[in-house]
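Residue numbers (this note's numbering): 45 to 305. Note that CB positions come from ideal geometry on N, CA and C, so glycine has one too.
Below you can see the structure in the form of structure tokens.
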């Protein structure tokens, strides 16, 4: 407990589900909850304002210091307003988790230009804007940790999801470059690469629970199952904490052994 005591954290895409949601909180919501438990002041941000505000209220009812802010991560003006608000109300930003993202299963020939633009705008451009503008505030205090949520699909290929692969590969590479460029300001930048995970974003959890795709993906994973969102959250807590103060420019793969095959 108290691994993040006194720190101010912004987590994008963290307001899309509630504690009693059928498909769980997802990476963002689970991280917000664990950050709160570890003593951080947490800013929940999302474009789903109703659910985001309800989730923030649920955190407050548990006694945590949580706040909500609408943020479209593809919009630089909204980023600037959010960062300015954080500086005015909290005086600093210690941790930024660029978690907002979308899936996409189109293969090479199915992918249209709008498909490509939508997935890459949210998944990679959003991380770029957050890293840039969050970094501007962090360097004023000469301290910070930025965690960008990528995917094991940023490391390996598959039979589908072409724009998704491209967007997550970009996140990994950008995080490495940003880590070098922000190191003089004592700002660390890392990426987290989840494997097949049980989240609201996973479309297969919206169909029958034991479909052939679900069973196949569980069996393909050496640890035989989906990665719980909470396991991703604990990895993010580690990268946000002082325990990882010499960890930067790398990716934390949490995939049940999938990419080791």
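- Beta-bridge pairing by DSSP links residue 238 to 298.
- Secondary structure note for residue 243: it is in no alpha helix (DSSP H), with a DSSP letter that is neither H nor E.
- Here residue 266 carries a coil assignment [DSSP, helix/strand/coil].
- Going by DSSP, residue 112 is part of the beta strand (DSSP E) stretching over 110-114.
- Only buried fits residue 57, as 16 or more other CB atoms lie within 10 angstroms of its CB.
- Going by DSSP, residue 142 is part of no alpha helix (DSSP H) but of the beta strand (DSSP E) stretching over 139-142.
- In chain order, 149, 151 place their CB closer than 6 Å to the CB of residue 204, counting only its own chain and leaving out the 5 sequence neighbours on each side.
- Between residue 296 and residue 236, the beta carbon gap of about 5 Å places them in contact (Cβ cut-off 8 Å).
- At a Cβ-Cβ threshold of 9 Å, residue 192 and residue 174 count as neighbours.
- Counting along the chain, residue 74 sits inside the alpha helix (DSSP H) bounded by residues 70-81.
- Scanning its chain for C-beta atoms nearer than 8 Å, with the 5 sequence neighbours on each side dropped, one finds around residue 292 the residues 223, 227, 232, 233, 234, in chain order.
- In the pairwise beta carbon analysis, the region 162-179 is classified as not touching the region 262-276: fewer than three pairs are separated by under 8 Å.
- If you check the CB distance, residue 89 and residue 62 do not come in under 9 Å.
- Here DSSP, grouped into helix, strand and coil, assigns residue 152 to coil.
- Nearest to residue 113 by alpha-carbon distance, out of 201, 105, 101, 106, is 101.
- Here residue 84 is near residue 138, since their CB atoms are less than 9 Å apart.
- In the DSSP assignment, residue 193 falls within the beta strand (DSSP E) that extends over 188-193.
- Separation of residue 134 and residue 52 (C-alpha to C-alpha, rounded to the nearest whole angstrom) is 7 Å.
- Looking at the DSSP output, residue 54 bridges to 87, 140.
- Nearest neighbour of residue 153 by Cα position, chosen from 164, 206, 186, turns out to be 206.
- In this structure, the CA atom of residue 94 is about 21 Å from the CA atom of residue 170.
- In this structure, residue 110 keeps its C-beta atom at 9 Å or more from the C-beta atom of residue 189.
- In this structure, the straight-line span from the alpha carbon of residue 46 to that of residue 136 is close to 19 Å.
- Following the DSSP letters along the chain, one finds residue 125 inside the alpha helix (DSSP H) bounded by residues 120-134.
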